[in-house]
Amino acid sequence: MTTNVNEFEEPFLADEQIQSDSIISPQTSSKLSSPLDSLKISSTKVLEKITERTPCPKCDKPVKYFCYWCYIIVGCDSSELPRVKLPIKIDVIKHHKEKVGKSTVAHAKIIAPDDVEIISYSQMPKIENPGRMLLLFPGPNSKTLQEIPRSSFDKLLVVDGTWRQASNMARTNPELKNIPTIEALYYFLKEYNEVYEIPEEAIHSDVSGYDGRYDNLL
């Protein structure tokens, strides 16, 4: 089947909201108005240079910035973009009917490719060791990381889709519904740093708070 170029949707990109030429320091955040100004976001100048769609080297679909089917960077060299090393492996269960242009989950795969896997819900394999996983999803029984020992889990599962799609996956799938839940990816990592990493690092330094290490995911 041939797909018309006009049918492809642009992905949501943070650089449309961020007008930052360099990393913003916490000292200047009080003078700036955007809620993103206090974050340590790398320069977006490389994205501003990309003005046209480029065929994905794998599937040949015309895309801009990255291919949101193959999760490959296009239009620039991957070395020009920031990379984030996550403290835990993350599997994203993406609803197969969600429009790719509406999903922001691809950003995590692009920025943290070594630690994020995206799996279609229609092709989701059997979950091994569900008792060693956490599910990122809001609910009446959700917990904070302060209530969860770090030694009790090895991986994070994230359901991605519209609210109805995500809710259906999390509440009706027999493998997902029994996994302990916590409550959005960036805030999970920020809390992870505050609960698990900072106390450990403080033993060897004067670390006193979250240092922005995962901000580029935004």
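Residue numbers (our numbering): 4 to 221. Glycine residues also receive a C-beta, built at the ideal position from the N, C-alpha and C atoms.
Would you kindly check if the distance between the Cβ of residue j and the Cβ of residue i is under 9 Å?
i: residue 102; j: residue 178; result: no
i: residue 87; j: residue 121; result: no
i: residue 188; j: residue 53; result: no
i: residue 69; j: residue 109; result: yes
i: residue 220; j: residue 183; result: no
i: residue 148; j: residue 201; result: no
i: residue 63; j: residue 89; result: no
What first and last residue would you give for the beta strand (DSSP E) that runs through residue i?
i: residue 123; result: 119-123
i: residue 161; result: 158-163
i: residue 138; result: 136-139
So for residue i, helix, strand or coil by DSSP?
i: residue 175; result: helix
i: residue 185; result: strand
i: residue 218; result: helix
i: residue 129; result: coil
i: residue 193; result: helix
What whole-angstrom Cβ distance do residue i and residue j have, given they're in contact under 8 Å?
i: residue 99; j: residue 124; result: 5 Å
i: residue 139; j: residue 161; result: 5 Å
i: residue 45; j: residue 85; result: 4 Å
i: residue 172; j: residue 96; result: 6 Å
i: residue 43; j: residue 215; result: 3 Å
i: residue 181; j: residue 143; result: Rounded, the Cβ-Cβ distance is 15 Å, inconsistent with contact.
Could you spell out where the alpha helix (DSSP H) holding residue i opens and where it closes?
i: residue 203; result: 201-204
Ranges of the alpha helix (DSSP H) found wholly within the stretch 37-116, counting only runs of at least 4: Fully enclosed alpha helix (DSSP H) runs of 4 or longer: 48-51 and 109-114.
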